[in-house]
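Shown next, in structure tokens, is the structure this report addresses.
Residue numbers (the numbering used here): 58 to 216.
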């Protein structure tokens, strides 16, 4: 593996770790506020790390011309599918009961629900931008520029 690929992988790994840690602390605060401290689990930092991989990779791999709404939708679907798989393993198979959406409308097996998929869509917006700007700040290249619905015109300025 070349030095460039190693440094890119190291940067991605650091961003996944940063994103997972940030998400885990948001999860701890949320569950503490709603009184579900017993559902705080170390497994969530692992799941969050895994969820950050597609979020960061899509931001790096998807073309700049792709509207932000579509990027968020793709990330939302990837995160929701990952959450379903993690939920089936952690909550159903291992019985850890880390989360349970069965009391919410539009849920599937208590592991995913429409409300949290909408939340993943919104968080994807901020996550994609954060990861893109971190990558740009460290590596340079094309400055991130987004359009919500229409094709993006790329600013070709190199830092």
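No residue lacks a Cβ here, since even glycine has one placed at the ideal position from N, Cα and C.
- Between the stretch 151 to 160 and the stretch 94 to 108 there are three or more inter-stretch CB-CB distances shorter than 8 angstroms, so the stretches are counted as touching.
- In the structure shown, the three-state DSSP call for residue 82 is helix.
- Residue pairing from DSSP places residue 165 in a beta bridge opposite 169.
- Between residue 104 and residue 147, the C-beta spacing is below 9 angstroms.
- Within its own chain, no residue has a Cβ closer than 7 angstroms to the Cβ of residue 79 once the five positions on either side in sequence are excluded.
- Around the C-beta of residue 168, 16 or more other C-beta atoms lie within 10 Å, and the residue is accordingly described as buried.
- Separation of residue 188 and residue 162 (C-alpha to C-alpha, rounded to the nearest whole angstrom) is 32 angstroms.
- Only residues of its own chain outside the window of five on either side were considered, and among them 73 have a CB closer than 7 angstroms to the CB of residue 110, listed in chain order.
- At least 9 angstroms separates the beta-carbon of residue 115 from that of residue 141.
- Non-local beta-carbon contacts of residue 125 in its own chain, meaning distances under 6 angstroms to residues more than five positions away in sequence, involve 203 and 205 in chain order.
- Straight across, the Cα-Cα distance linking residue 135 with residue 88 is about 23 angstroms.
- Closest in alpha carbon position to residue 123, among 191, 185 and 197, is 185.
- Here residue 118 is exposed. Its C-beta has fewer than 16 other C-beta atoms within 10 Å.
- Check the Cα spacing between residue 190 and each of 68, 61 and 63: the tightest is with 68.
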